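What follows is a single structure, written as structure tokens, with notes after it.
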Amino acid sequence: MAGIVYLDLETADADRLWDYGPGFVRLAGFAVGDADVVTTTDIASVVEVVQQADIVVGHNVLGFDLAALERYHGLDLTSLVAANRVVDTLLVARQNDPPLSGKADVQRYNLEAVCRRVLGVGKVAGEGGSALKALAREHGGYDQIPVNHPDYVRYLVQDVHLVRELSRHLVIDDYLWREHKVMWRLNHISKQGFRVDVDLVTRLVAEREARLREQKEFLHREFGLPLDGKKPHTTTAGKLSLEKAFSQLGIEPPRTEKGALATGKEALEKLEAQHRDNEALVALCQALRSFNGDRSMAQTLLDHTSIDGRIHPSVSAGQATGRISVTKPGLTVLGKRDRSNVCERAMLLPDVGDVLIGADLAQVDARAIAIHAQDAGYIAALEPGKDMHSEMAAAVFGEEGWNRQAGQHPRRADAKAITHATTYGMGAAGLALNAGISEQDARRQLAALDAQFPALAGFKRQIREEGKKQIICNAFGRRMRVAPGKEYTQAPAHIGQGTARDLMMQGILRLPTWLLPCLRAVVHDEIVLSVPEHRADEAEKAVLEALQFPHQITPEAKPVPVLAQASDQGRDWLDCYRSEKPWPEVSRAHREQAGCDDPDCTWHQTARSTEGR
DNA sequence: ATGTATCGCGCC
DNA sequence: AAAGGGCGCGATACAT
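Per this note's numbering, the first sequence starts with residue 1172, numbered consecutively.
Written out as structure tokens, the structure is:
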């Protein structure tokens, strides 16, 4: 074996890792131990070196460099990861110095930023990232930069040096070894890709354009809104003419919190409800609302679809809680609650000959909190076979009116909101506003919750206190940063989300390896897989087996059961929810019909409205 | 032309 | 004293 190998690659446009083809990797730089940095275009020789290494170290190597060597040069990454022979300094940097929530910290983890922090500013010469971008611009693309260009080579050499220096300052704990295996498994989502119904996407893009044009013309004709821009009502000129329109209709224009003209769903729905008889106003609101929720998801999917007809989203764990981001395109924001946009999920398909299966964890954030809080009553409410929210309702509102055998507690929905909200530190005022109750009632309900679950209340106090040290740790050892001053809300919320994240990742780690190439998406508490039709039942059983287990925070602690439920086996992602959702169009079988009688069917509606055009 | 901030929407 | 968390993406406005 060849000691520690520090590695960095220069490639064509990084966004094209999965569809560029041979030649993607252009130049490799590596150093073995303390030896000089070697740069070469002989990538096969680099694969040899990596395979021989005791450990290969690099920044984002798991998600990028080693993935590229695996894809285009036959690297056996599986064995490397299994033997703990990969150290990704990006994963390490995030655990050693966790990010704040929000956008402020997204740029803090590129190699140069990490090195400036850890090694000191003087160690980093220039701005490699932007210089590289300039080189690419100058030569007409990342894949056109001459591989012997002195600046190109110099930045590569510096990055290898930086990785080597950096790795001497980073601390690798047990959580990180686990995390490498987690991210390697999740990277199958990027690698395999998710098949797109390109015909449907193309049709939806066209339909949306037609609809938008129609609405814009209507608003222009009736209310004098400008025609330019994609959403004229959000431009300065558009807002001005809208204000005028509202005034002419005798209505005070609705405002957002910051005083701008409100054109959001809630504001418009409220306005509509208040002035039902003002026909022109209702028409205006409806036209404006047709812009809302009208996202260009089809276009976004199309923009990210590779020549193989698939999207290859990025998977990363850069959030403050460790939650997994699936982006480019973002798969965590596809419509689900709204009938009007749930059909976005119909655009994603299983592989040919496959079906999609899904499973989601039941109340996983509550279980995460229970694991930490060790509140006997709270854990009891989470026992298998019990309906957690009904149990919570009984605890807060009393047993009366609830026949356990007959079904759910009548105030189940209220309890659900309270449980969820208090985990995130909602106060009485917020709860009152949210639930439409008096502040006094809200205070009483929150107090009842604390009284019924004293250990839960104690845990929240304790974790808020720990949050003052800025770093808190979840049940699996992930370190999470709490913003100073935000301990009250963030500390319990981070525990709920962060431990929930690692419960799901535990399930991912428990999946049998044959299912890894089947992974298509993770959405916090849900996973989706494309599996051969004849193995669907077997796969579903294996997934449920993997996702369900009791977890205890210490060997002495009370275990909390983690439970999951399977979705339907679907011929597209939407089809997976056909028995969960009440809308007929969720079923692919329904969508395959030429038409239907349901006037509210969002699938056949567009077909009807465009008929005879 | 390109990047950042803000808003408003969607999801869990 | 009071305090609802975490995100991604598109569109626009504005600065550079």
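The beta carbon of each residue, even a glycine, is placed where N, CA and C say it ideally should be. All figures in this text were calculated on a predicted structure; none of them were measured in a lab.
>> Using only the alpha-carbon positions, how far apart do G1200 and G1312 sit?
In response: When rounded, the distance between both Cα atoms is 20 Å.
> Going by beta carbon distance, what residues of the same chain come within less than 7 Å of Q1736, once the five residues before and after it are set aside?
Replying inline: Excluding the 5 residues flanking it on each side, Q1736 has same chain C-beta neighbours closer than 7 Å at A1530, D1531 and A1533, in chain order.
> Within the chosen definition, does the stretch 1595-1609 reach the stretch 1650-1666 through at least 3 CB pairs nearer than 8 Å?
Replying inline: Taking 8 Å as the limit for Cβ pairs, the verdict is that the stretch 1650-1666 does touch the stretch 1595-1609.
> Out of curiosity, what's the CA-to-CA distance linking G1569 and A1626?
Replying inline: Cα to Cα, G1569 sits roughly 20 Å from A1626.
> Helix, strand or coil: how does DSSP classify E1423 here?
Replying inline: Here DSSP, grouped into helix, strand and coil, assigns E1423 to coil.
>> Please state whether the Cβ-Cβ distance between A1713 and P1732 is less than 8 Å.
In response: No; because the gap between Cβ atoms is not below 8 Å, this pair is not in contact.
> Is I1642 helix, strand or coil when you go by DSSP?
Replying inline: If DSSP states are grouped into helix, strand and coil, I1642 belongs with the strands.
> In or out: V1258 buried (at least 16 other Cβ within 10 Å) or exposed?
Replying inline: Looking at its Cβ environment, which holds 16 or more other Cβ atoms inside 10 Å, V1258 is buried.
>> Judging by CA-CA distance, which residue of R1349, W1355 and T1260 is the nearest neighbour of H1340?
In response: Considering only alpha carbons, the answer is T1260.
> Between the stretch 1311-1329 and the stretch 1179-1197, do three or more beta carbon pairs fall short of 8 Å?
Replying inline: Segments in contact, yes.
> Who pairs with L1520 in a beta bridge, going by DSSP?
Replying inline: DSSP lists R1366 as partners of L1520.
> If you draw a straight line from the alpha carbon of S1272 to that of A1264, how long is it in whole angstroms?
Replying inline: Taking the Cα positions, S1272 is about 16 Å away from A1264.
>> Rounding to the nearest angstrom, what Cα-Cα distance links T1590 and A1622 in this structure?
In response: Rounded to the nearest angstrom, the gap between the Cα atoms of T1590 and A1622 is 14 Å.
> Straight-line CA distance for V1557 to A1539?
Replying inline: Checking the sequence, you will find Lys at residue 1557 rather than Val. For K1557 and A1539, the distance between alpha carbons rounds to 17 Å.
> Which term fits R1784, buried or exposed, when burial requires 16 or more other beta carbons within 10 angstroms of its beta carbon?
Replying inline: Reliability of the predicted coordinates at R1784 is poor, the pLDDT of 34 falling under 50, and the value obtained from them is presented with this limitation in mind. Exposed: under 16 other Cβ atoms inside 10 Å.
> Should K1507 and H1475 be called a contact, given that it needs their Cβ atoms to be closer than 8 Å?
Replying inline: No, the pair does not count as a contact, with Cβ atoms beyond the cut-off.
> Does DSSP put I1482 in a helix, in a strand, or in coil?
Replying inline: If DSSP states are grouped into helix, strand and coil, I1482 belongs with the strands.
>> Can you look up Y1177 in the DSSP assignment and give me helix, strand or coil?
In response: Under the three-state reduction of DSSP, Y1177 is assigned to strand.
>> Nearest by alpha-carbon distance to E1562: which of L1390, T1211, R1187 and A1584 is it?
In response: Ranking L1390, T1211, R1187 and A1584 by Cα distance to E1562 puts A1584 first.
> Expressed to the nearest angstrom, what Euclidean distance is found between the alpha-carbon atoms of V1328 and A1654?
Replying inline: About 36 Å.
> E1704 to L1745, Cα distance in whole Å?
Replying inline: For E1704 and L1745, the gap between their C-alpha atoms comes out near 17 Å.
>> Suppose you measure from the CA of V1277 to the CA of P1270; what does that come to, to the nearest Å?
In response: For V1277 and P1270, the distance between alpha carbons rounds to 8 Å.
>> Going by the DSSP bridge assignment, what does E1697 pair with across the sheet?
In response: BP columns for E1697 point to D1531.
> Comparing alpha-carbon positions, which option in I1360, L1180 and Q1611 lies nearest V1693?
Replying inline: Per the Cα distances, I1360.
> For S1511, which option in L1527, R1460 and L1472 has the closest C-alpha, if you only look at C-alpha atoms?
Replying inline: Answer by Cα proximity: R1460.
> Over what stretch of residues does the alpha helix (DSSP H) that includes T1660 continue unbroken?
Replying inline: Boundaries of the alpha helix (DSSP H) harbouring T1660: E1658 to R1681, taken from the DSSP string.
> Contact between the stretch 1433-1450 and the stretch 1480-1487: three or more CB pairs below 8 Å?
Replying inline: Under the Cβ criterion (8 Å, minimum of three pairs), the stretch 1433-1450 does not count as touching the stretch 1480-1487.
> Cβ atoms of M1651 and G1667: under 8 Å apart, would you say?
Replying inline: Not in contact: G1667 and M1651 (Cβ atoms no closer than 8 Å).
>> Is the separation between the beta-carbon of L1452 and that of I1422 shorter than 8 Å?
In response: Result yes, Cβ atoms of L1452 and I1422 sit closer than 8 Å.
> Taking DSSP as the reference, what is the three-state secondary structure of G1556?
Replying inline: The three-state reading of DSSP puts G1556 in coil, since its state is none of H, G, I, E or B.
> If you follow the beta strand (DSSP E) that I1226 is part of, which residue opens it and which one closes it?
Replying inline: Where I1226 is concerned, the enclosing beta strand (DSSP E) stretches over I1226 to G1229.
> With 16 as the cutoff for other CB atoms within 10 Å, does V1331 come out buried or exposed?
Replying inline: Around the beta carbon of V1331, a 10 Å sphere encloses 16 or more other beta carbons of the protein chains shown; the residue is thus reported as buried.
> Which same chain residues, not among the five before or five after D1536, have their C-beta less than 7 Å away from its C-beta?
Replying inline: By the criterion of a C-beta distance shorter than 7 Å, D1536 is surrounded in its chain by T1594, G1667, Q1668 and A1671, once the five residues flanking it on both sides are discounted.
> From T1781 to Q1579, what does the alpha carbon distance come to, in whole angstroms?
Replying inline: Residue placement at T1781 is flagged as unreliable, the pLDDT there being 47, under the threshold of 50; a coordinate-derived value is accordingly withheld.
> Which whole-angstrom value is the C-beta distance of L1188 and V1221, which I expect to be below 8 Å?
Replying inline: Separation of the CB atoms of L1188 and V1221 is rounded to 17 Å, and the pair is thereby denied contact status at 8 Å.
> Which runs of the beta strand (DSSP E), 3 residues or longer, sit entirely within the stretch 1569-1655?
Replying inline: With a minimum length of 3 residues, the continuous beta strand (DSSP E) runs that stay inside the stretch 1569-1655 are 1642-1644 and 1650-1652.
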